[in-house]
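Under the UniProt record's numbering, the first residue of the sequence shown carries the number 1, and numbering increases by one thereafter. Encoded as structure tokens, the structure appears first; notes follow it.
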Amino acid sequence: MQIASSEWVLGDRSRALARTAAAGLTAIELDARPDLDSATVRRSLDQHCLTAPSLCWQWNPDAELGSPDRASRSAAQRYLRGALEQAAELGSGQLVVVPACRETPWQDEPRQAGIERAAAAIREVLVDAPAQVGLSIEALRTDESFLLNTLDEADALRVLIDDERAALLADLYHLAALDGPLDRVIGAHADTVSLVHFAAADRARVAPGTPGIAAVISTLTRAGFAGSVTLEYTVPDDADLAQAAAFATQAWNAPTEAR
């Protein structure tokens, strides 16, 4: 199982790459930046002996796939197309997708309307997008985004996209806000999860004593999860990142019967 750090939480890219390598990791989830030259980005990764198994959607309330505003959807489609192309150039297998970058709805309408617009916008891009890059649809807490807050809602978008490249992201921090044990919340969709964001309910490091973590890992592993895991938590210092990396590597790569 590939364990990656997160540029989003580590900040400045050059420093994030160095800190990732120093923590003993070999991978990092980079922000999707199609405005940057992919060859240059790849050289930076190579200098630190790192890969980027996934790219993360950049937050932009002016470019949203589910927006009723055509200009906003078009901007999001341009970004999506460029991000998928960059992912292919970097050898990244997945792109995190967030269709609404706001906590307040665009207008008074059923949630499904925004999901349907997002699905249509994504389908248009996928027609000629790189076949080897998948989409990992993320559900967020309500204080960050209003459209997709549960895996059920994220899965509704996945189903409407109707493409084998579309899958789900299980962000443990966001999903911990929902009712019920985390392994059951995730278990209902475990067979469609392609990426995990690893963080405790307070966005701290996941540790052996984090409630329910063994059950979550076991649930996904038994469902055949073969994606990557990103350490997307608030990192206080390099020593903490090294501890997070060591635990995640051990926990996710342990034999199933040992969990």
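Glycine included, C-beta positions come from ideal geometry on N, C-alpha and C. These numbers were taken from a predicted model, which means no experiment stands behind them.
- DSSP places HIS174 in the uninterrupted alpha helix (DSSP H) bounded by 172-175.
- Shortest Cα-Cα distance from ALA4 to any of ASP152, PRO99 and ALA52 involves ALA52.
- Scanning LEU65, ARG81, ARG13 and ALA32 for the CA closest to the CA of HIS48 turns up ARG13.
- Inter-segment contact for the segment 165-178 and the segment 122-140 is present: three or more beta-carbon pairs are separated by less than 8 Å.
- Looking only at VAL159, LEU84, ALA76 and ALA22, the smallest Cα-Cα distance to GLU116 is reached by VAL159.
- For the pair GLY66 and ALA32, the CB atoms are not nearer than the 8 Å cut-off.
- Around the beta carbon of GLN86, a 10 Å sphere encloses 16 or more other beta carbons of the protein chains shown; the residue is thus reported as buried.
- Take the alpha-carbon of THR20 and the one of VAL185: they are about 30 Å apart.
- THR230 sits in a strand when the DSSP states are folded into three classes.
- Residue range 38-47 is occupied by the alpha helix (DSSP H) that includes GLN47.
- In the assembly as shown, ALA27 is a buried residue. Its beta-carbon has 16 or more other beta-carbons within 10 Å.
- DSSP, reduced to helix, strand and coil, places GLY134 within a strand of the structure shown.
- Contact between the segment 138-147 and the segment 100-113 is present: 3 or more CB-CB pairs across the two stretches fall below 8 Å.
- For THR210, the closest C-alpha among the options THR219, ALA199 and LEU151 is that of ALA199.
- C-alpha of ILE161 to C-alpha of PHE225: approximately 21 Å in a straight line.
- If you draw a straight line from the Cα of ALA16 to the Cα of ALA214, it comes to about 28 Å.
- Annotation note: the segment 1-89 contains the following uninterrupted alpha helix (DSSP H) runs of length 4 or greater, listed N- to C-terminal: 7-10, 13-22 and 38-47.
- ASP62 has its alpha-carbon roughly 32 Å from the corresponding atom of ARG205.
- The criterion of a C-beta distance shorter than 8 Å is satisfied by GLU138 and VAL96.
- Secondary structure at ALA223: coil, using DSSP grouped into helix, strand and coil.
- Of the candidates ARG123, ARG42, ASP46 and SER44, ARG123 places its Cα closest to the Cα of ARG78.
- It is roughly 15 Å from the alpha-carbon of ASP237 to the alpha-carbon of LEU25.
- CA-CA distance, ASP152 to GLY114, rounds to 15 Å.
- Given a length threshold of 3 residues, each whole run of the beta strand (DSSP E) inside the segment 149-219 is given here in chain order: 166-171 and 193-197.
- The continuous beta strand (DSSP E) containing VAL96 extends over residues 94-97.
- Excluding residues up to 5 positions away in sequence, TRP57 and GLU138 lie with their Cβ nearer than 6 Å to the Cβ of VAL98 in the same chain.
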